[in-house]
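Participant:
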Amino acid sequence: MMKRFALVMSLCLAPSAYAADDVVDVWKAKCKSCHGDDGKAQTKMGQKESIVDMSQAAWQAAESDAEIRQAIADGSPRNTKMKAFKDKLTAAQIDALVGYIRTMKAK
2 MMKRFALVMS
12 LCLAPSAYAA
22 DDVVDVWKAK
32 CKSCHGDDGK
42 AQTKMGQKES
52 IVDMSQAAWQ
62 AAESDAEIRQ
72 AIADGSPRNT
82 KMKAFKDKLT
92 AAQIDALVGY
102 IRTMKAK
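Below, the structure is given as structure tokens:
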């Protein structure tokens, strides 16, 4: 009985986690051209649009996960050039990107 419960739980939990390799692929395809590999926005477009450095501790502290999720889904309220991705990415992909952005915090 316990083994069955553990198996069912592992199957239920596994799909909710978006693989690390997959989120990196999504970042490269959708985000990197403006935000760069590291979130510092030191790209041609990032500099042209004065995109914020997401690795800065102050930015990381000021932005909630919900705000980041909303900017990805609906576009940035601060930069109208950032497209909405709610029709291009799944909720799991958006959540994975939020987590990925959180790993960019400068040390």
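To get my numbering, take the position in the sequence shown, counting from 1, and add 1.
In this text, a Cβ means the ideal position worked out from N, Cα and C, and glycines have one as well.
Only counting runs of 4 or more residues, tell me where the alpha helix (DSSP H) segments fall wholly within the segment 72–104, in order along the chain.
Facilitator: DSSP runs (the alpha helix (DSSP H)) wholly in the segment 72–104: 92–103.
Participant: If I follow the unbroken alpha helix (DSSP H) through residue 62, where does it start and stop?
Facilitator: Taken as a continuous stretch (DSSP letters only), the alpha helix (DSSP H) holding residue 62 covers 58–63.
Participant: Determine, using beta-carbon pairs with one atom in the segment 21–37 and one in the segment 94–107, whether at least three such pairs fall under 8 angstroms.
Facilitator: Yes, since at least three Cβ pairs between the segment 21–37 and the segment 94–107 fall closer than 8 angstroms, the two stretches touch.
Participant: What separation, rounded to the nearest whole angstrom, lies between the Cα atoms of residue 81 and residue 50?
Facilitator: Taking the straight line from one Cα to the other gives about 10 angstroms.
Participant: Using the beta-carbon count (16 or more within 10 Å), is residue 72 buried or exposed?
Facilitator: Classification of residue 72: buried, given that the 10 Å Cβ count is 16 or more.
Participant: Going straight from the alpha carbon of residue 58 to that of residue 52, what length do you get?
Facilitator: Each residue's alpha carbon lies about 15 angstroms from the other.
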